[in-house]
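Participant: Below: one structure in structure tokens.
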Ligand SMILES: Cc1ncc(C[n+]2csc(CCOP(=O)(O)OP(=O)(O)O)c2C)c(N)n1
Ligand SMILES: Cc1ncc(C[n+]2csc(CCOP(=O)(O)OP(=O)(O)O)c2C)c(N)n1
Ligand code: SF4
Ligand code: SF4
Ligand SMILES: [Mg+2]
Ligand SMILES: [Mg+2]
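Residue numbers (our numbering), protein chains in the order written: chain A, 20 to 374; chain B, 20 to 374; chain C, 593 to 1204; chain D, 593 to 1204.
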């Protein structure tokens, strides 16, 4: 479908009148500001932007947007978003969730939405903690984490949100982080323009309960060496003066010295390859063994559930014509009675079985 | 831990007195017989074998076993099994589930059990249909499938159960099929002996609602060309006279003519590599592009949740000594009153706040 | 030669029983259709096991279908069969006790071999040396298998396939017995196979063989004739409760001008509604099979948020899972219909059996003060009208509504004088788009209905965010205590106000007297039969059957006040009775049965008599 | 020089209010501890916003802590504060209406700048030109920020950190005002910082500065002295309801000889129980933070199946999700304790506010006939005893049990005369291992309790499979109608039989009379105060507070019969009242308030008076 010409908006057009109630310094502020900018830049009709969320600090997001919104219940936003897209394929659906909302209680719904490729942008605010309930560990918390609920350290291994999405058949998977508005904005725009479900993991700092959780990678001092911004069609190099690169060793992606590596061997980023294996290999990279990849890991086309549901309905309508209610009610095995006699004892409380 | 010497059992020792109520010809019968044989061969104490299941034709399984069993509710067996292992690490837990029970309603619980690596064998009976509710499509049904609930064909893309488990961090992942008792038995034994969660997908034929769903791969006539039995440390070759092999092409696993391939290039199966990428690549293979891999795709060691929970409890007990209830109740900020005066108006319905 | 008498009777109850694989449901349905078309009123009761195919020949695998047909109004499928057709010893075993004294038992004697008997748990043949034979019932043994094999001997089919046609033989025999034509069933077979299968011929031949056997075998001493029923003019059909529910939902969509998004997760006995609706995409219906019941409810609510009529359905275990979402729907005041086709509980319970034990769950099974309307259907046909009413309330009052059906009415069928669609009541629905230019307050209410305005996303200028948190009239989140009290009160009053939209409650019988029977749901047919029986005896007993359980009709208090005793019969351990006692502070009496099946009319008569 | 009078008073209600970041909860707790140790009885009420840190200085971010302390028994935290300490204009705004006429308002005047006023939504300073000042209350303005900065000027700290100590200044001032020693709080500070932080010195200095300010500032005309309370000998502590619940569960484990597996998913206001229990692994407690509430319940049930005491906890929205599993626990008859710390509903509602609106949910929120015992705690301390009782019933009767607490008692604290553990009641628990050699029937019952035997996996020879399907005494799946009726009846009777194990119901007041107040849960403290007040006036009013809501005490019917009117006060729209009306068919009257907070004693007095 052709998008109509973009409408001129400013960030303010997407800012609701409600007081923002996150803690001062919370990473959520920057994400909110960026999404407002992204929407303004994209210029799609604002009344058609709908933000659906679950429960959590992050899930308060729609309250602060001057769009339509639905702050639903914990973990279930993907289902409401799916219903909305099935009913209203004309709307742009944005879903906001947290690492607890989306991967703990809501993991199954998110997985099935991904599998079905329901067209929406999923913004997964990953702060590796339960913020709103005041600091219990989450499915993305590192092992041995000491939190309110794990005074002796947590014992579960963390989940990798990107790998999770890729295995479920995600068509668009990306990662970005709260202190880089430029990067967030670019990723959000690409996500919105993708036809299908776009899952964006956003590393988000919770200043109160998990402050600095991502500093070992995103801190200004270290990030050059510890994260790599993926760019389609470009060799994957990073570090000071791009002195390091990624190459394939069998099925493993490993770090090498750029200077000592045959340029032809340097891995070229291709988010559009049909097989998700490269994206899966990249998704597994992390500090300290390798740089954390940021940007779009995968972007491919596949029919959407909401699209297909509506197309199938349209096709049936075309093939069979609009349903005739009287015919439906009579069914294929009815018969007529012409004489008109009435039971003496016919009594029904609501409608008469026989008039 | 050393396993004690195996006890001598026969299959009959694991057969309950209850009438088996599956449809004649159902693949479930062969799986039941094999599990009974596997348990007998392993010779672990039968009273320590516990089968936990959800709801579905497959989930009736424990009723037919002469072991302890819990036929729970739909999709939730992983949670009950987790609780059981946390409470009772001395028991051998077997979990039985279906493609609906385990991947539709129960997907999240299964994922979190896999992530936590709770020690149990999960037998996932995949018949690509909802059997017990009489034939609706399931999350593993192929796209466009016409079923009772999808008269015009289903529109969701199927989920790959093995990829799903691998992305969640599974330490043991295998696939087998109902018409090969020898293969099933070997896989079940390895799964039981693995320390951690062993996920075994079993292709199971539902004669009533999805008859022949796997025939295009497992049928006697075609299986030599269309499936490959993985063996640790062996080159992956298949077909008549092993004329075909798998090789790596970048990150893709592709089929080649064995005769035309440098033997050193033929992929050697290594389920024990730390990175799951190979297993993930193999899990994606399927007819018609490639043979379906059968056998153990991945088998690595990682601490178990149930083990760690119990170890941590033991450690705390060791460090702090057995808890003293009176001390606990008094807490760290109590004070004594020696005189003994009583309120006139002290009235409490149950216990007196002050005696 | 035996003389076959033809006897004119008012009606009869016939039960077909056999193995799950024997096609008893099909046989029963055909027999019912033919009886209905012949001009009888009918009521049916299918009863089948939870297993897909329990081991052939065992009691666990027995499947049955009972039909009551008569020349006068039929309200229930009948307590006891007059005629029992049993295809094997297991079926005999599980059903013989129900056969009416003086009834007729017809068996397929070829299926009473030693091996068959053993599967049913018999050591010896219960038909031999059975003092009941002749005394309690008349036995007619027919070697159906052999007769079918003989009839099909010319056809090129495997013997096992030939034997499968024996249900058509039994059907043909029953057609002979009740002097029916084979016309309807033959046409059905032709339509089904379209000339493409040898089975077409086989089934027709078996059917005729059964009919002819009756004519010639000289073992039947009686043949029956049921007069056609005097009926008002109209178009008639049979319909099950589940199909009626499906059609009622389609009708609700068309009447309200909304698309219907039906989102569910399969569960017995609700799945057939999905199966029906998934075929009707050209009626503006979209169906979603979700990953679980929570998701199903969320998808439906998301669709309602988007301006469709969201509908979700399940049975007990799945209804439990929807509670949190129903709370959100109540809090955000969006329309939603939740269909609960009740089955035996608690927990997984008795999945294929009927029960009325989810009433309290639907009334109270949510956190917080969260009143939700509850509507119950009384008969298979009534499912159509009652679900339409549920949708009306959902849309006109902006609220989730529970619609209660049950396993009995869901699978049973009765005869339906199909209404003209245009004659059905309408559903008022308007989306608000700010046309009055007033400042928009999401929770401003219609002074009459107390419903808030329905604004869908996509509406320019009226952006707002719905939330399950408490909020004020402007839709702003509010933790203010007074506002909370106000909002809880308004939500309660809105639901209470729905009762103003009902018509007057109908009473069967006198307006005052000794006993008022007060009931709800799928027990209607049996209770009305019992009450009429007692009324004929002159007993002072009247009957009110509730469609609306929450809110209760406004005139109910007055009606109740006119009777000495209120008796509440239910298929549970007493649920509505608690509601009535709590509401009116009266000592209402409970009559219950909880055996996975409908009441027996005779049991009800006995139970009611105690209060007279 | 102003003369400071020292006045002897019976008790006082003090409320500290400030921004979420101002440390009001800590300040209140310290003040309470010191009062308790000084020999007063106490009752507290913390009240904080749902946001972690709402924007500083705004009304949404106001956090409060109220304590009632006295020389005689204190049952509730008090309706209105005598003294209000307000740290900023927003706190002033949200609380000033509650201040008692003639009370004292103490403000941090440094926080009433224009910018602060604007954040609170004021155009002008409400303290200036306010006719209420002096008339309705006495205002004491203290430039706390400046005074703290001054007191800490020598310390090497950022100014922002210095300013954060102002809550200790306020605390010191209140200690002066009530003539308390600083001892306890100073010891607490030393223990907390262990000499490692400059904050240790800073806080102590601020505390002393506040105290000294009172001594020297000459603006306080009155100082108070609350006598110490006469108390029975014993060891005393303060405890919140959530901690008491945690300890009660630990006690239940030790008393029954079972490990406790506490499995939950975080939710306000229940999470603190998890936080407490996760530290107590050396008491045989294992804690599991599950992926959601369904899983949490499944893990607990799996643990019970394995022979531990499985416990799960949540609040309203999460309790909804456990319904299906509770049904399975009831059907398989395994012990399980489900803790519901109620909060404002429906839906997400008012997460940090209190309410009693999940009673009907816990009584009826499951499919099928599925009775489950419901126990409610009445005070913070009672949480300990009531949850122990819940565990006793779960284990001795092999059943899931709901334990109801609420946001008010969960976070409030009262004084506890700590019992000796040995004096607490025991829990009888036996695993069956086939020792009597009889054939094992999984659903054979103890003739007294009707409980089935507890056999855990691992037990040789007694292999059996539990299922949520209906089954017979032998544990075999059964779809037989009569068996179903029998089993439903037995499960019901088992729960009913629990009432035989209760002691006699205690009545506060006469055994008969005009009004019986009948209540449950965390309203106890306020109701008992109101009833006593009326009794002092000579009114014919008595009071029964229920711990057991299902089954109700056997002697309740008789008690109720001795009063003209039964009045049921609740923080909801009337739930227990429905149960009482339904059960006894009486016209019990409802008194409700639903504002996210406890009753006010005065309101109750007024409400009860109407029935006298
Ligand atoms: C059914 C239900 N269970 C639990 C909760 C409590 N709860 C609210 S938010 C939350 C987790 C928040 O974590 P996350 O999704 O990571 O969001 P964050 O606050 O970190 O942004 C929980 C457990 C709830 N509101 N509803
Ligand atoms: C909460 C709940 N929802 C739905 C059902 C109905 N139900 C029973 S089994 C099943 C699916 C079975 O499919 P699968 O797990 O693949 O098992 P199979 O029968 O194919 O072996 C469903 C939907 C149920 N029993 N409980
Ligand atoms: S608690 Fe953490 S995530 Fe929540 S608002 Fe505060 S800083 Fe942000
Ligand atoms: S329905 Fe299918 S899966 Fe179920 S028992 Fe029958 S054949 Fe097996
Ligand atoms: Mg988080
Ligand atoms: Mg299946």
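For glycine and all other residues, C-beta sits at the position ideal for the given N, C-alpha and C. All values reported here derive from a predicted model rather than from experimental measurement.
DSSP state of residue 311/B, grouped into three classes?
Facilitator: One-based indexing of the second chain puts residue 311/B at position 292. The answer is strand: DSSP assigns residue 311/B an E or B state.
Participant: Determine the contact status of residue 297/A and residue 181/A, defining contact as a CB-CB distance below 9 Å.
Facilitator: In the first chain, the residue the question calls residue 297/A occupies position 278. In the first chain, the residue the question calls residue 181/A occupies position 162. Result no, Cβ atoms of residue 297/A and residue 181/A do not sit closer than 9 Å.
Participant: Return the CA-CA distance between residue 606/D and residue 1106/D, expressed in angstroms with no decimal places.
Facilitator: Here the question's residue 606/D lines up with position 14 in the fourth chain. Here the question's residue 1106/D lines up with position 514 in the fourth chain. For residue 606/D and residue 1106/D, the distance between alpha carbons rounds to 36 Å.
Participant: Is it the case that the Cβ atoms of residue 151/B and residue 74/B are separated by a distance below 9 Å?
Facilitator: The count along the second chain starts at 1 and reaches residue 151/B at position 132. The count along the second chain starts at 1 and reaches residue 74/B at position 55. Yes, these two residues count as a Cβ contact at 9 Å.
Participant: Which same chain residues, not among the five before or five after residue 593/C, have their C-beta less than 7 Å away from its C-beta?
Facilitator: Locating residue 593/C in the third chain gives position 1, where the first residue counts as 1. Summary for residue 593/C: the model assigns pLDDT 46, below 50, so the residue's position carries little reliability, and this model does not support an answer.
Participant: Starting from residue 824/C, trace the alpha helix (DSSP H) in both directions and tell me its first and last residue.
Facilitator: As a working note, residue 824/C is residue 232 in the third chain. No alpha helix (DSSP H) contains residue 824/C, which DSSP labels as neither H nor E.
Participant: For residue 872/C, go through chain A and note every residue whose CB falls closer than 9 Å to its CB, in chain order.
Facilitator: Translated into the one-based positions of the third chain, residue 872/C becomes position 280. The contacting residues are 335, 342 and 347.
Participant: Work out the CA separation of residue 235/A and residue 241/A for me, nearest whole Å.
Facilitator: For the purposes of this step, residue 241/A is taken as the residue at position 222 of the first chain. For the purposes of this step, residue 235/A is taken as the residue at position 216 of the first chain. Answer to the nearest angstrom: the Cα atoms are 7 Å apart.
Participant: By Cβ distance, which residues of its chain are closer than 7 Å to residue 366/A, with the 5 residues on each side in sequence left out?
Facilitator: Within the first chain, residue 366/A is the residue found at index 347, counting from 1. Low confidence applies to residue 366/A: its pLDDT is 48, below 50, so where it sits in the model is not reliable enough to give any reading.
Participant: For residue 220/B, name the three-state secondary structure that DSSP assigns.
Facilitator: Walking along the second chain from the start, residue 220/B turns up at place 201. Three-state result, residue 220/B: strand.
Participant: Would you mind working out which of 654/D, 824/D, 842/D and 739/D sits nearest residue 808/D, comparing C-alpha positions?
Facilitator: Residue numbering aside, residue 808/D sits at position 216 when the fourth chain is read from its first letter. For the residues 654/D, 824/D, 842/D and 739/D, the minimum Cα distance to residue 808/D belongs to 739/D.
Participant: Mind listing the chain D neighbours of residue 357/B? Cutoff is C-beta to C-beta under 7 Å, in chain order.
Facilitator: Residue 357/B sits at position 338 when you count from the first residue of the second chain. Within 7 Å Cβ-Cβ: 825.
Participant: Under the criterion of a Cβ to heavy atom distance below 8 Å, does residue 111/A qualify as lining ligand 5?
Facilitator: Position 92 of the first chain, counted from the start, is the residue given in the question as residue 111/A. No, the Cβ of residue 111/A stays beyond 8 Å of every heavy atom of ligand 5.
Participant: Are residue 319/A and residue 351/A touching if we call contact CB-CB under 9 Å?
Facilitator: On the first chain, position 300 is the one that residue 319/A refers to. On the first chain, position 332 is the one that residue 351/A refers to. Going by C-beta atoms, residue 319/A is not nearer than 9 Å to residue 351/A.
Participant: Would you say the beta carbon of residue 916/D comes nearer than 8 Å to a heavy atom of ligand 2?
Facilitator: Here residue 916/D refers to the residue found at position 324 when the fourth chain is read from its first residue. The answer is yes for residue 916/D.
Participant: Indicate, with yes or no, if ligand 4 has a heavy atom lying under 8 Å from the CB of residue 228/B.
Facilitator: As a position in the second chain, residue 228/B is number 209, starting the count at 1. Residue 228/B Cβ: within cutoff of ligand 4.
Participant: Is there at least one Cβ from chain C nearer than 9 Å to residue 127/A's Cβ?
Facilitator: Translated into the one-based positions of the first chain, residue 127/A becomes position 108. Chain C contact via Cβ: present.
Participant: Note down the Cα distance separating residue 218/A from residue 780/D, rounded to an integer number of angstroms.
Facilitator: Along the first chain, read from residue 1 onward, the residue named residue 218/A stands at position 199. Along the fourth chain, read from residue 1 onward, the residue named residue 780/D stands at position 188. Approximately 48 Å between the Cα atoms of the pair.
Participant: I'd like the list of long-range same chain contacts for residue 1192/D, defined as Cβ closer than 6 Å, with 5 residues on each side in sequence excluded.
Facilitator: Position 600 of the fourth chain, counted from the first residue, corresponds to residue 1192/D. Contacts found: 671.
Participant: Report, in whole angstroms, the separation of the C-beta atoms of residue 850/D and residue 793/D, which I expect to be a contact under 8 Å.
Facilitator: Residue numbering aside, residue 850/D sits at position 258 when the fourth chain is read from its first letter. Residue numbering aside, residue 793/D sits at position 201 when the fourth chain is read from its first letter. Actually they are not in contact, since the Cβ atoms of residue 850/D and residue 793/D sit about 48 Å apart, beyond 8 Å.
Participant: Please classify residue 165/B as buried or exposed, where buried requires at least 16 other C-beta atoms within 10 Å of its C-beta.
Facilitator: Position 146 of the second chain holds residue 165/B. Exposed: under 16 other Cβ atoms inside 10 Å.
Participant: Could you check where the beta strand (DSSP E) with residue 768/C kicks off and where it finishes?
Facilitator: Locating residue 768/C in the third chain gives position 176, where the first residue counts as 1. From DSSP, residue 768/C is part of no beta strand (DSSP E) but of the alpha helix (DSSP H) over 758-769.
Participant: From the DSSP output, read off the bridge partner residues of residue 264/A.
Facilitator: Walking along the first chain from the start, residue 264/A turns up at place 245. According to DSSP, residue 264/A bridges with 256/A and 275/A.
Participant: Does residue 42/B get closer than 9 Å to chain C when you measure Cβ to Cβ?
Facilitator: As a working note, residue 42/B is residue 23 in the second chain. Output row for residue 42/B: interface = yes.
Participant: With residue 816/C as the anchor, note down where its beta strand (DSSP E) starts and where it stops.
Facilitator: Here residue 816/C corresponds to residue number 224 of the third chain, with the count starting at 1. Element bounds for residue 816/C: 814-818.
Participant: Look at the alpha carbon of residue 335/A and the alpha carbon of residue 875/C, and state the distance between them as a whole number of angstroms.
Facilitator: Translated into the one-based positions of the first chain, residue 335/A becomes position 316. Translated into the one-based positions of the third chain, residue 875/C becomes position 283. If I take the Cα positions, the gap works out to 10 Å.
Participant: Touching or not, the stretch 209-217 of chain B and the stretch 188-196 of chain B, by the rule of three or more beta carbon pairs under 8 Å?
Facilitator: Cβ pair count under 8 Å is three or more, so yes.
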